[in-house]
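Engineer:
Chains as they are written, first to last, in my numbering: chain G, 4 to 267; chain P, 11 to 227; chain S, 6 to 283; chain Z, 95 to 501.
1) Identify, in the order they occur along the chain, each residue of the same chain with its Cβ nearer than 7 Å to the Cβ of residue 265 (chain S), setting aside the five sequence neighbours on each side.
2) So, for residue 178 (chain G): in the same chain, excluding its five sequence neighbours on each side, which residues have a beta-carbon less than 8 Å away from its beta-carbon?
3) Pick helix, strand or coil for residue 212 (chain Z), following the three-state DSSP scheme.
4) Compare the C-alpha of residue 68 (chain G) against each of G:87, G:51, G:53 and G:54 and name the closest.
5) Determine the chain S residues that contact residue 179 (chain P) at a beta-carbon separation under 7 Å, and present them in chain order.
6) Against chain Z, which members of the stretch 55-83 of chain P pass a CB distance test of less than 7 Å?
7) Answer yes or no: does any C-beta atom of chain S fall closer than 8 Å to that of residue 210 (chain P)?
8) Listed in chain order, which residues of the stretch 206-221 of chain S have Cβ atoms closer than 7 Å to some Cβ of chain Z?
9) Counting contacts by CB-CB distance shorter than 8 Å, is residue 244 (chain G) in contact with chain P?
10) Per DSSP, what kind of secondary structure is residue 228 (chain Z) in: helix, strand or coil?
11) Taking the straight line between their C-alpha atoms, what separation do you get for residue 244 (chain S) and residue 237 (chain S)?
12) Quick check on the burial criterion: 16 or more other C-beta atoms within 10 angstroms. Buried or exposed for residue 12 (chain P)?
13) Among Z:408, Z:213 and Z:419, which has the Cα closest to the Cα of residue 389 (chain Z)?
14) Within 10 Å of its beta-carbon, does residue 154 (chain Z) have 16 or more other beta-carbons around it, so buried, or fewer, so exposed?
15) Given that a residue counts as buried once 16 or more other Cβ atoms are within 10 Å of its Cβ, and exposed if not, what is residue 321 (chain Z)?
16) How would you list, in chain order, the residues of chain P whose beta-carbon sits under 7 Å from the beta-carbon of residue 305 (chain Z)?
17) According to the Cβ coordinates, are residue 93 (chain G) and residue 58 (chain P) closer than 8 Å?
18) Mapping DSSP to helix, strand and coil, what is residue 177 (chain P)?
19) Between the alpha carbons of residue 49 (chain G) and residue 51 (chain P), how many angstroms are there, rounded?
20) Could you tell me which of G:167, G:213, G:231 and G:254 sits nearest to residue 25 (chain G), measuring between CA atoms?
21) Mind checking which residues open and close the alpha helix (DSSP H) that includes residue 325 (chain Z)?
22) Is residue 20 (chain S) buried or exposed, if buried means 16 or more other CB atoms sit within 10 Å of its CB?
23) According to DSSP, which residues form a beta bridge with residue 161 (chain Z)?
24) How about residue 79 (chain S) and residue 247 (chain S): do their beta carbons lie closer than 8 Å?
25) Using the beta-carbon of each residue, which ones in chain Z are nearer than 7 Å to residue 204 (chain P)?
26) Fully enclosed by the stretch 46-101 of chain P, which alpha helix (DSSP H) runs are 4 residues long or longer?
27) Using DSSP's beta-bridge definition, name the partner residues of residue 191 (chain P).
28) So, at 6 Å on beta carbons, what are the nonlocal neighbours of residue 172 (chain G) in its own chain, with the 5 sequence-adjacent residues on each side left out?
29) Give me the DSSP bridge partner(s) of residue 146 (chain G).
30) Where does residue 220 (chain P) land, buried or exposed, given buried means 16+ other C-beta within 10 angstroms?
31) Under 8 Å, with one C-beta from each stretch per pair, do the stretch 301-312 of chain Z and the stretch 462-477 of chain Z reach the 3-pair mark?
32) By a C-beta neighbour count over all protein chains shown, 10 Å radius and 16 as the cutoff for buried, is residue 246 (chain Z) buried or exposed?
33) Within 8 Å of any Cβ in chain G, is that where the Cβ of residue 109 (chain P) sits?
34) For a contact meaning CB atoms closer than 9 Å, what does residue 116 (chain G) contact in chain S?
35) So with CB distances below 9 Å, who are the chain G contacts of residue 377 (chain Z)?
36) So the candidates are P:147, P:67, P:118 and P:61; which of them puts its Cα closest to the Cα of residue 101 (chain P)?
Encoded structure:
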């Protein structure tokens, strides 16, 4: 196999990435300094990244540049300065941690939360309530060429039998979350039906989540396998050995210090 | 002062809330312009809100370092990583690529942040397996139903399951499209009603905890 | 016998971790390649793009960050390959700040592979704060919401955006979502008012919660998790990362199923002894 | 038949040389301002005809003023563009059911301005034959209210009324009957067991901030748990990931101790901040579970991927675990790994049930009214829709349209 020459920064990157990945996986053995280091680096780097991007996007692109342009074009017009309103409110928001003037942040929050609540009400009713009712209320029978028929095809989501199942499911689960009456008699039957529906949906979600998490693992392993190649100087394999040895060393050192009990 | 601290925020919430609830029903350009401008303002304000979370992080770790509590070295590592990233980021003008070539900032992103974030979540794959082994029991009829549904979906969503037991594919499709939809829809309706109720209470000043502090403030 | 069961129930979970590692690693090193079935919800997305005329406007929103990269990146790549092959004008963006670099990388890579030009065939607008407010803002005036794209080129006058004033001029939109600020938000603040057709691609975790929207037609298709990505790869006839991962996925699922079954076997063996446990 | 047709063709063909034969022109053609919009758009309406077909084309010709020349602005087959059921509610239909309806928006080819009168006529074409409709005029204007969405507004107002009413009722009598919630009985048991074993109680309020319903519910339940803890004199530990939630919880716990008559036993340190980062927080809480082995773990509020890491570790220490969350994507894990789980809205209900605070009880009742109403609509609506199909009557739509989402 001919060895492709990779640029130095790519090889270096592979070593760093593989090392950090293995540090984090060392948590599977137990909580340890390597994991803690990886985790703190992760927080630090993502915060740093957010700061840089937020600065360039919010301050420069949305605030500074439009303001500069507007003021440059019409310095006398008050409209040019309108962006100072949200900027001021944004600064108010940051006063939350200065106790003497933290009340200023309430004004900013009031603005954001008020807008958010107002915007949400009609849209929630439209998309999450009316639209959902609309799709649940369907005729159970259809008028076909041969007169009235009811679809018994389970595989067709819109068939009559599935319409009934959907209706029973929605109503019984809604009833389970109905708190004004005690679940006795007919109510109990409905609520129990609701629970079974809930459990089936949770089961399906569990199965789907397993799939999701395994995919993430596959993605990470794919990188580790790539980095184990000769082109990358067998980064994964070397670093795996280093990680394992460090863990053993750490374990021995702490055992000696605490007299047998390993720390958590 | 009491007015500024207490009534003014409530008044702003009320006015904004009512105005933008009704905005939805008003197609007139005046109303459209209002939402265009205010939504842009919100973009800017929420940009600032991002720094709110950062401030508390800064504070917590600064305290750890100055007091030298156990593990303060990790806080120091966090600071170094954060400041390093910021410096490199500004040095690269916030660009990850320039003329097709990667900047130092882009390198940092690709080789540290991407693997770290991805790995953190992939750990859950292991925990989901051990949870499945230790906790996933048919303790009751409800738990059994959950278990069977989970196993069927796990089968039906991968090629090996579809190959060995082809019916799991169809059953999975039906479970997701009909039973699961019904439950999600009911939850959605219930939760949305909760959300609308909360929004109404916020607008009307009945619910004030978002302003922080005690509930009477 | 019961002793054995008890020992097995209390087994060190690190042994299970090793089992999972093996289940994923072995098929990746030696794949067995099973055929992939295509579900109607994925086919719907494919069909819609397939039927779009050339130079239609396709908006792809990357609403995830690196933590969901393995699931959603293959979806993004497959969708982009398809859109570029159909000569659509593609607009990219993200609501997730930390996903920006990732999204830009995917765009550049697929564009380079298909010989498409930034600014002419596609635009990557980058990240902007606001969530729902950003969508409303884009729905009213795209150029106010994004005065410049990710590489700081002014959006006004970009050839790819010719005739696009706001979201109403978008023909199709797909949100690739890993959580809250994704598909539902795009529907509630975007499609509901600005009337473009849209679909979703999501991680497995949130996919089941999106089925009510699929049923009611609020989204016209749904690509769920790695399996969904593999289905899309099958449809465009270009196998990629997702198809390659499906064998490992199969193996891991079967290990979990085996673990669940074992757990229950031991549970029933021990049940008599402890009375009826809770 | 054929000779007759031939004859007809011959006859018509003969006269066609002189003047094209007349097609029946579109009837009842009207131009109106598009209803419920922001202006700059006109709507065209005319009656459907049985002879509409895909071969018969309709062209729209419009002029900027009665004097100006007409330009062609659109063309489509005559059997398209109808008022379809579901497009408009019965109270806001621009034309009768089955009529033709075309929305003409302002475009570069034909800009439409508000307040200006435009004249429009239609041309019908089939083969070589043509027919013009009457000329009609209309003026575009922006509207102040979208009447198609009036049902949405009625919902908002009615729900506001019900909510305020039930909160007022709950203020008068907060002890309205609420159903028993199974998980809540276990709270007392868990606290009792902790006391017996002399181990602490761990209480988490979730990932959300104070603007989220589940977090508010979690803090309210914390108050009730703290009262019992104060009574039994057990240790309570509440690690936080949001400084504001922590400040709120400190006040709530303090109040609870005072109410339980044990202000001396209150410690500010029982609420403490760890970090806002998801996994650092999780690792730290897992550490607390393993070191201090709490006898009871409470997980209330909203959770994300960390849920399983927390409950799995908690289960391995043998603690009684009680969860309550509306994060539906995490519920499967709580249900499988915890002893009791308050599912979704049960969490909100639990906070009302325990605290009997009028606002919470009232909100719960208000939502119950809403749910009862929706359940009724679903069942009766399905019945009505079925009747509509069986009896083939359109009248049911007068009711069903009320619960549809229109734009």
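Note that CB positions come from ideal geometry on N, CA and C, so glycine has one too.
Structural biologist: Judging by the given coordinates:
1) Taking the third chain and counting its residues from 1, one reaches residue 265 (chain S) at position 260. Excluding sequence neighbours, residue 265 (chain S) sits near nothing in its chain.
2) Translated into the one-based positions of the first chain, residue 178 (chain G) becomes position 175. Only 190, 193, 194 and 197 meet the Cβ criterion.
3) In the fourth chain, the residue the question calls residue 212 (chain Z) occupies position 118. Under the three-state reduction of DSSP, residue 212 (chain Z) is assigned to strand.
4) Mapped onto the first chain, residue 68 (chain G) falls at position 65. Comparing alpha carbon positions, the residue from G:87, G:51, G:53 and G:54 closest to residue 68 (chain G) is G:87.
5) For the purposes of this step, residue 179 (chain P) is taken as residue 169 along the second chain, with counting starting at 1. The answer, in chain order, is 42.
6) Per Cβ criterion, the list reads 63, 66, 67 and 70.
7) The sequence position of residue 210 (chain P) within the second chain is 200, counting from 1. Residue 210 (chain P) does not count as touching chain S.
8) The residues in question are 210, 211 and 214.
9) Stepping through the first chain from its first residue, residue 244 (chain G) is reached at position 241. Cβ-Cβ to chain P under 8 Å: no for residue 244 (chain G).
10) Residue mapping note: residue 228 (chain Z) aligns to position 134 of the fourth chain, counting from 1. In this structure, residue 228 (chain Z) counts as coil in the three-state DSSP scheme.
11) Counting from one through the third chain, the residue named residue 244 (chain S) turns up at place 239. Counting from one through the third chain, the residue named residue 237 (chain S) turns up at place 232. Distance between the alpha carbons of residue 244 (chain S) and residue 237 (chain S) is about 9 Å.
12) For the purposes of this step, residue 12 (chain P) is taken as the residue at position 2 of the second chain. Exposed.
13) Here residue 389 (chain Z) refers to the residue found at position 295 of the fourth chain. Of the candidates Z:408, Z:213 and Z:419, the one whose C-alpha sits nearest the C-alpha of residue 389 (chain Z) is Z:408.
14) Residue 154 (chain Z) sits at position 60 when you count from the first residue of the fourth chain. With a threshold of 16 other beta carbon atoms within 10 Å, residue 154 (chain Z) meets it and is buried.
15) As a first step, residue 321 (chain Z) is located in the fourth chain; it is residue number 227 there, counting from the start. That one is buried.
16) As a position in the fourth chain, residue 305 (chain Z) is number 211, starting the count at 1. Near residue 305 (chain Z) (Cβ distances below 7 Å), the residues of chain P are 220.
17) Start at 1 with the first residue of the first chain, and residue 93 (chain G) comes out as number 90. Start at 1 with the first residue of the second chain, and residue 58 (chain P) comes out as number 48. Against a cut-off of 8 Å, the Cβ pair of residue 58 (chain P) and residue 93 (chain G) comes out as a contact.
18) Locating residue 177 (chain P) in the second chain gives position 167, counting from the first residue. Residue 177 (chain P) falls in the helix class under three-state DSSP.
19) Within the first chain, residue 49 (chain G) is the residue found at index 46, counting from 1. Within the second chain, residue 51 (chain P) is the residue found at index 41, counting from 1. Between the alpha carbons of residue 49 (chain G) and residue 51 (chain P) lies a gap of roughly 25 Å.
20) For the purposes of this step, residue 25 (chain G) is identified with residue 22 of the first chain, where counting begins at 1. Of the listed residues, the one whose Cα sits closest to residue 25 (chain G) is G:231.
21) The sequence position of residue 325 (chain Z) within the fourth chain is 231, counting from 1. Its alpha helix (DSSP H) spans residues 307-326.
22) Sequence index remark: in the third chain, residue 20 (chain S) carries index 15 (1-based). By the neighbour-count rule (16 or more Cβ atoms within 10 Å), residue 20 (chain S) is not buried but exposed.
23) Residue mapping note: residue 161 (chain Z) aligns to position 67 of the fourth chain, counting from 1. Under DSSP, no beta-bridge partner is assigned to residue 161 (chain Z).
24) Sequence index remark: in the third chain, residue 79 (chain S) carries index 74 (1-based). Sequence index remark: in the third chain, residue 247 (chain S) carries index 242 (1-based). A contact, by the Cβ cut-off of 8 Å.
25) Residue mapping note: residue 204 (chain P) aligns to position 194 of the second chain, counting from 1. Ordered by position in chain Z, the residues that pass the 7 Å Cβ test against residue 204 (chain P) are 307, 439, 442 and 461.
26) Runs of the alpha helix (DSSP H) lying entirely within the stretch 46-101 of chain P and spanning at least 4 residues, in chain order: 82-101.
27) To locate residue 191 (chain P), count along the second chain from 1; it is residue 181. Looking at the DSSP output, residue 191 (chain P) shares a beta bridge with no other residue.
28) As a position in the first chain, residue 172 (chain G) is number 169, starting the count at 1. Non-local C-beta neighbours of residue 172 (chain G) in its own chain, meaning closer than 6 Å and more than five positions away in sequence, comprise 200, ordered along the chain.
29) Taking the first residue of the first chain as 1, we reach residue 146 (chain G) at position 143. Within the DSSP bridge table, the entry for residue 146 (chain G) names G:151 as partners.
30) Position 210 of the second chain, counted from the start, is the residue given in the question as residue 220 (chain P). Counting Cβ neighbours within 10 Å, residue 220 (chain P) comes out buried, since at least 16 surround it.
31) Cβ pair count under 8 Å is below three, so no.
32) Here residue 246 (chain Z) corresponds to residue number 152 of the fourth chain, with the count starting at 1. Residue environment analysis places residue 246 (chain Z) among the buried positions, since at least 16 neighbouring C-beta atoms fall within 10 angstroms of its C-beta.
33) Position 99 of the second chain, counted from the first residue, corresponds to residue 109 (chain P). Residue 109 (chain P) does not count as touching chain G.
34) As a working note, residue 116 (chain G) is residue 113 in the first chain. Result: empty, since nearest Cβ-Cβ is about 13 Å, beyond 9 Å.
35) For the purposes of this step, residue 377 (chain Z) is taken as residue 283 along the fourth chain, with counting starting at 1. Ordered by position in chain G, the residues that pass the 9 Å Cβ test against residue 377 (chain Z) are 30, 34, 38, 39 and 42.
36) By 1-based counting over the second chain, the position of residue 101 (chain P) is 91. Here the closest residue by C-alpha is P:118.
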